[in-house]
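Everything below concerns the one structure shown next.
Written as structure tokens, this is what we have:
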């Protein structure tokens, strides 16, 4: 499968713990996005990278959230001191010029904070 | 506030019926508009997009959408749905390069 890959698929954690998610975009896609989706809502933009540079962060991304894409390939999203309100599906997507707006989404990581 | 509104959260219809899903946005200036679809058990994928030119755009699987600038709308249509069109449909706006803002989605169920 050469699509966007996200790991893990599911994560259950206790409140206050740190969690890290990984996203492997489609090879050679220079744009990588993180979105969050809760039940009954559409995906909410969190942040995006152009190669290894993080170009925009949503105000939804509090100080407890950090994302990296160190070599311009895979990306990680870390949530520190998780809260119950962080429970959501975390989606990764990637795209490639010239069709930057054509996002290819992964299956997501479902986070449950108990 | 900038937003994307989808009029219906759930739509149930029979095969061969016509489908129209409403989408309104509240951004000033030039925007790019999209419909994404998520079939059961699958990833979100692009259905169609509008950047400029002909306000009636055609996408995959017989879907089309019409951009009406004066109404800030980008409604999705399909003249005759099939059972395989059962999915969740998301309208999205790209007010600036780099991010899409999605509506809440409309769950469409097509009954045989």
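Protein chains in written order, with the working numbering: chain A, 12 to 125; chain B, 0 to 111. Where a beta carbon is used, it is the ideal one built from N, C-alpha and C, also for glycine. As the structure is a computational prediction, the values presented were derived from the model and not from experiment.
Simplified DSSP assignment, three categories, for residue i
{"i": "residue 113 of chain A", "result": "strand"}
{"i": "residue 57 of chain B", "result": "strand"}
{"i": "residue 106 of chain B", "result": "strand"}
{"i": "residue 70 of chain B", "result": "helix"}
Short CB-CB distance (under 9 Å) between residue i and chain A
{"i": "residue 23 of chain B", "result": "no"}
{"i": "residue 73 of chain B", "result": "no"}
{"i": "residue 20 of chain B", "result": "no"}
{"i": "residue 1 of chain B", "result": "no"}
{"i": "residue 48 of chain B", "result": "yes"}
{"i": "residue 31 of chain B", "result": "yes"}
{"i": "residue 64 of chain B", "result": "no"}
Contact with chain B by residue i, beta-carbon distance below 9 Å
{"i": "residue 46 of chain A", "result": "yes"}
{"i": "residue 114 of chain A", "result": "yes"}
{"i": "residue 59 of chain A", "result": "yes"}
{"i": "residue 14 of chain A", "result": "yes"}
{"i": "residue 69 of chain A", "result": "yes"}
Beta-ladder partner(s) of residue i, from DSSP
{"i": "residue 123 of chain A", "result": "A:23"}
{"i": "residue 35 of chain A", "result": "A:16"}
{"i": "residue 60 of chain A", "result": "A:43 and A:65"}
{"i": "residue 76 of chain B", "result": "B:19 and B:63"}
{"i": "residue 14 of chain B", "result": "Per DSSP, none; premise fails for residue 14 of chain B."}
Whole-Å CB distance - residue i paired with residue j, under 8 Å assumed
{"i": "residue 117 of chain A", "j": "residue 17 of chain A", "result": "4 Å"}
{"i": "residue 87 of chain A", "j": "residue 24 of chain A", "result": "That belief does not hold up - the Cβ atoms of residue 87 of chain A and residue 24 of chain A are roughly 16 Å apart, past 8 Å."}
{"i": "residue 24 of chain B", "j": "residue 3 of chain B", "result": "5 Å"}
Partner residues on chain D for residue i, Cβ-Cβ distance less than 9 Å
{"i": "residue 103 of chain B", "result": "In summary, chain D is missing from the structure at hand, where the protein chains are A and B."}
Contact test: residue i Cβ vs the ligand PLP heavy atom, cutoff 8 Å
{"i": "residue 68 of chain A", "result": "Because no ligand of any kind appears in the structure shown, any question about the ligand PLP cannot be addressed here."}
Worksheet item: Which runs of the beta strand (DSSP E) spanning at least 3 residues fall entirely within the segment 30-55 of chain B, listed in chain order?
Response: Qualifying beta strand (DSSP E) stretches, in chain order: 31-37 and 43-49.
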